[in-house]
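Numbering-wise (this note's numbering), the sequence shown opens with residue 347 and increments by one.
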Amino acid sequence: MQRKAYVSGVAALLAVLLAGCTGGSSDSGSTDDSNPGDSGTASAAAQPGKYRTLPEPCSAVGHDTLDSLLPGIKQITDEEQRDKAYEGEATLTYDTDRKVGCRWKVESTDATDHLLVDFERVVSYDNSVSDDAQATELFATKQAAADLPEPTSSDSAAGDGSTPDASSTPTPSSSGPDPSTSSSASSSSSASSSSSSSASSSDSASSSDLQPRVLADLGDEAFLDDVLSGSGSTAQQRTVTVAFRTSNVIVTIEYEEQPATVGVVPDTKEMQDRARKLAARLADTLGG
Numbered sequence: 347m348q349r350k351a352y353v354s355g356v357a358a359l360l361a362v363l364l365a366g367c368t369g370g371s372s373d374s375g376s377t378d379d380s381n382p383g384d385s386g387t388a389s390a391a392a393q394p395g396k397y398r399t400l401p402e403p404c405s406a407v408g409h410d411t412l413d414s415l416l417p418g419i420k421q422i423t424d425e426e427q428r429d430k431a432y433e434g435e436a437t438l439t440y441d442t443d444r445k446v447g448c449r450w451k452v453e454s455t456d457a458t459d460h461l462l463v464d465f466e467r468v469v470s471y472d473n474s475v476s477d478d479a480q481a482t483e484l485f486a487t488k489q490a491a492a493d494l495p496e497p498t499s500s501d502s503a504a505g506d507g508s509t510p511d512a513s514s515t516p517t518p519s520s521s522g523p524d525p526s527t528s529s530s531a532s533s534s535s536s537a538s539s540s541s542s543s544s545a546s547s548s549d550s551a552s553s554s555d556l557q558p559r560v561l562a563d564l565g566d567e568a569f570l571d572d573v574l575s576g577s578g579s580t581a582q583q584r585t586v587t588v589a590f591r592t593s594n595v596i597v598t599i600e601y602e603e604q605p606a607t608v609g610v611v612p613d614t615k616e617m618q619d620r621a622r623k624l625a626a627r628l629a630d631t632l633g634g
């Protein structure tokens, strides 16, 4: 009888435990059901990018712009060849919704010019990463590869155009030359020194402004690179690259010029201005 009572007690305990487990399972299910929004938020996909398609690259650059960047195009006398030069050549692509480009090459009596325009639409395949975030990361890698120099403030602080301190001007001596002549010469020397200093500062600032750099007011972010290759014994080629990102689209412009004459260096300011104007037009076309 005692053993039977023990067995009955164990059975009762098991019954209580099973009831508790069943109740816990029910409560757990109730807790999950009471917060349906939590799991939905965790699994929600990141926002897609603004752009779902890309423009047709070879028609994205107008004739007037091509006339400016490729001066030799107007020197082509054969109308059919000139029209073909304007058309450009599409770059190889396997998905026109993701990456497209067009290139032009025109020779003139003065130089050979190349132009490449490339559009890339970035799509993230990670549900937790948006297309914009993926494009931002890709653009950062592209900018890092350009190895832009660190911006410095020394160029702007080096010369402010101020004249030398008046206390440094020698005081005329009564036994020396005519004070008026000495004073006039000193003023002339000071003015000349000031003018020379200002000119030097302007040249330095101008040179600094044309260095490879990050650009403002172009898309969401942008940079410009400028590379001069070759040596004095060969014709030097300058390559100006302007790249910018607008939402999930990255646009890259490569503009190259190689003079026909050895020793002639392509004008950096002129090439940069042309490339930046084209970039601004393309950004407007994208609506960014």
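We put the CB at the ideal spot given by N, CA and C, even for glycine.
| field | Burial state of VAL610, where buried means 16 or more other Cβ atoms lie within 10 Å | value | Translated into positions along the sequence shown, residue 610 becomes position 264. Classification of VAL610: exposed, given that the 10 Å Cβ count is below 16.
| Can you name, in chain order, every residue of its own chain whose Cβ lies under 6 Å from the Cβ of GLN348, other than the five neighbours on each side? | For the purposes of this step, residue 348 is taken as residue 2 along the sequence shown, with counting starting at 1. Confidence at GLN348 is low in this model, with a pLDDT of 48, below 50, so its placement is unreliable and no value can be given for it.
| message | Tell me the DSSP secondary structure of CYS367 in three-state form. | response | What you label residue 367 is simply residue 21 of the sequence shown in a count that begins at 1. Low confidence applies to CYS367: its pLDDT is 44, below 50, so where it sits in the model is not reliable enough to give any reading.
| query | In three-state DSSP terms, what is GLU426? | reply | As a first step, residue 426 is located in the sequence shown; it is residue number 80 there, counting from the start. DSSP, reduced to helix, strand and coil, places GLU426 within a helical segment of the structure shown.
| task | With DSSP collapsed to three states, give me the class of GLN604. | result | Translated into the one-based positions of the sequence shown, residue 604 becomes position 258. When DSSP states are grouped into helix, strand and coil, GLN604 belongs to the strand group.
| request: Would you mind giving the Cβ-Cβ distance between GLU653 and ASP464, rounded to the nearest angstrom? I have them listed as a contact below 8 Å. | output: Given that the chain is displayed from residue 347 to residue 634, the structure contains no residue 653 and the question cannot be resolved.
| request: List the whole-angstrom C-beta distance separating LYS430 from ALA589, where the pair is believed to meet the contact cut-off of C-beta under 8 Å. | output: What you label residue 430 is simply residue 84 of the sequence shown in a count that begins at 1. What you label residue 589 is simply residue 243 of the sequence shown in a count that begins at 1. Contact between LYS430 and ALA589 is absent: CB atoms are separated by about 28 Å, not below the 8 Å threshold.
| request: Specify, as a first and last residue, the run of the beta strand (DSSP E) that ALA457 falls within. | output: Here residue 457 is taken as the residue at index 111 of the sequence shown, counted from 1. From DSSP, the beta strand (DSSP E) with ALA457 extends over 457-467.
| task | Could you check what DSSP says for GLY633 in three-state terms: helix, strand or coil? | result | What you label residue 633 is simply residue 287 of the sequence shown in a count that begins at 1. Three-state result, GLY633: coil.
| field | Option nearest ARG584 by Cα separation, candidates THR423, ARG591 and SER575 | value | Counting from 1 along the sequence shown, the entry for residue 584 is found at position 238. If we check each option's Cα against that of ARG584, SER575 comes out closest.
| Environment of ASP443 [buried if 16+ CB atoms lie within 10 Å] | Counted from its first residue, the sequence shown places residue 443 at position 97. Per the 10 Å Cβ criterion, exposed.
| task | Rounded to whole angstroms, what's the CA-CA distance from ALA568 to TYR432? Just pull it up for me. | result | For the purposes of this step, residue 568 is taken as residue 222 along the sequence shown, with counting starting at 1. For the purposes of this step, residue 432 is taken as residue 86 along the sequence shown, with counting starting at 1. One alpha carbon belongs to ALA568, the other to TYR432, and they sit about 27 Å apart.
| message | Are the CB atoms of ALA492 and THR587 within a distance shorter than 9 Å? | response | Taking the first residue of the sequence shown as position 1, residue 587 is located at position 241. Taking the first residue of the sequence shown as position 1, residue 492 is located at position 146. For THR587 and ALA492, yes; Cβs fall inside 9 Å.
| query | Can the beta-carbon of PRO403 be found closer than 9 Å to that of VAL452? | reply | Along the sequence shown, read from residue 1 onward, the residue named residue 403 stands at position 57. Along the sequence shown, read from residue 1 onward, the residue named residue 452 stands at position 106. Not closer than 9 Å, so no.
| query | Using CA coordinates, which residue listed in LEU632, ARG627, GLU426 and VAL608 is at the minimum distance from THR411? | reply | Here residue 411 corresponds to residue number 65 of the sequence shown, with the count starting at 1. Out of LEU632, ARG627, GLU426 and VAL608, ARG627 has the C-alpha closest to the C-alpha of THR411.
| message | Could you compute how far the alpha carbon of ILE596 sits from the alpha carbon of ARG620? | response | By one-based count along the sequence shown, residue 596 stands at place 250. By one-based count along the sequence shown, residue 620 stands at place 274. Rounded to whole angstroms, the gap between the alpha carbons of ILE596 and ARG620 is 19 Å.
| THR587 by DSSP, collapsed to three states: which one? | One-based indexing of the sequence shown puts residue 587 at position 241. Under the three-state reduction of DSSP output, THR587 falls in the strand class.
| task | For GLY408, write down the residues that DSSP places opposite it in a beta bridge. | result | The residue you call residue 408 lines up with position 62 of the sequence shown. Under DSSP, no beta-bridge partner is assigned to GLY408.
| said: For a quick check, are the C-beta atoms of GLY434 and LEU400 less than 9 Å apart? | reply: Numbered from its first residue, the sequence shown carries residue 434 at position 88. Numbered from its first residue, the sequence shown carries residue 400 at position 54. Judged by beta-carbon spacing, LEU400 lies beyond the 9 Å limit of GLY434, meaning their Cβ atoms are not closer than that value.
| THR399, DSSP secondary structure in three states | Locating residue 399 in the sequence shown gives position 53, counting from the first residue. For THR399, the three-state secondary structure derived from DSSP is coil.
| field | Local Cβ density within 10 Å of SER533, reported as buried at 16 or more and exposed below that | value | Residue mapping note: residue 533 aligns to position 187 of the sequence shown, counting from 1. Interpretation of SER533 is limited by its pLDDT of 45, a score under 50 that renders its predicted location unreliable; no figure is taken from the coordinates.
| field | 9 Å Cβ cutoff met for THR614 and LEU561 | value | As a working note, residue 614 is residue 268 in the sequence shown. As a working note, residue 561 is residue 215 in the sequence shown. A distance of 9 Å or more separates the beta carbons of THR614 and LEU561.
| said: Out of VAL573, ALA625 and GLN618, which one is the CA nearest neighbour of ASP563? | reply: Looking up residue 563 in the sequence shown gives position 217. The residue from VAL573, ALA625 and GLN618 with its alpha-carbon nearest to that of ASP563 is ALA625.
| task | Assign LEU438 to one of two classes, buried (16 or more other C-beta atoms within 10 Å of its C-beta) or exposed (fewer than that). | result | The residue given as residue 438 occupies position 92 in the sequence shown. Here LEU438 is exposed, its C-beta having fewer than 16 other C-beta atoms within 10 Å.
| request: Just confirm the distance between the C-beta atoms of ASP441 and PRO605, as a whole number of angstroms; I'd bet it's less than 8 Å. | output: Translated into positions along the sequence shown, residue 441 becomes position 95. Translated into positions along the sequence shown, residue 605 becomes position 259. The beta carbons of ASP441 and PRO605 sit about 38 Å from each other, so the pair does not count as a contact at 8 Å.
| said: Going by C-alpha to C-alpha distance, which of ALA391, ASP472, ASP571 and SER474 sits closest to ILE599? | reply: For the purposes of this step, residue 599 is identified with residue 253 of the sequence shown, where counting begins at 1. Measuring C-alpha to C-alpha distances from ILE599 to each of ALA391, ASP472, ASP571 and SER474 identifies ASP571 as the nearest.
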